[in-house]
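Enquirer: Position in the sequence shown (from 1) plus 19 gives the number in our numbering.
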Amino acid sequence: MLETFYPDHEAESAYGLDYEGFHKKGFRGIIFDIDNTLVPHGAPADQAAVELF
20 MLETFYPDHE AESAYGLDYE GFHKKGFRGI IFDIDNTLVP HGAPADQAAV
70 ELF
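1. Give me the Cβ distance between V58 and D52, rounded to the nearest whole Å; I'm assuming they're in contact under 8 Å.
2. Measure the alpha-carbon distance for H42 versus H60 and round it to whole angstroms.
3. Grab the span of the alpha helix (DSSP H) containing V58 for me, first residue to last.
4. Specify the secondary structure class of A64 as computed by DSSP and reduced to three states.
5. Closest to F24 by CA distance: which of G48, E31, S32 and Y38 is it?
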């Protein structure tokens with residue numbers, strides 16, 4: 020069951036992903052881990068992360 024949450028794609032940065040391209044391919048949701056992915060562990064979301072969402 021947990022395999023559902025295993026990543027199908029990896030990227031160097033969440034800020035350079037082609038979100039429209041994913042939508043055209045049928046993706047309807049993306050799960051992000053904010054700690055050490057979008058901001059350093061324990062830090063609040065910065066302006067770039069806020070604008071991304």
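Just so it is clear, CB atoms sit at the ideal spot from N, CA and C, and this is done for glycine as well.
Expert: The relevant details are as follows:
1. 11 Å between Cβ atoms; not a contact.
2. Cα-Cα distance, rounded: 29 Å.
3. For V58, there is no enclosing alpha helix (DSSP H), as DSSP gives it neither H nor E.
4. Coil.
5. Nearest to F24 by C-alpha distance, out of G48, E31, S32 and Y38, is G48.
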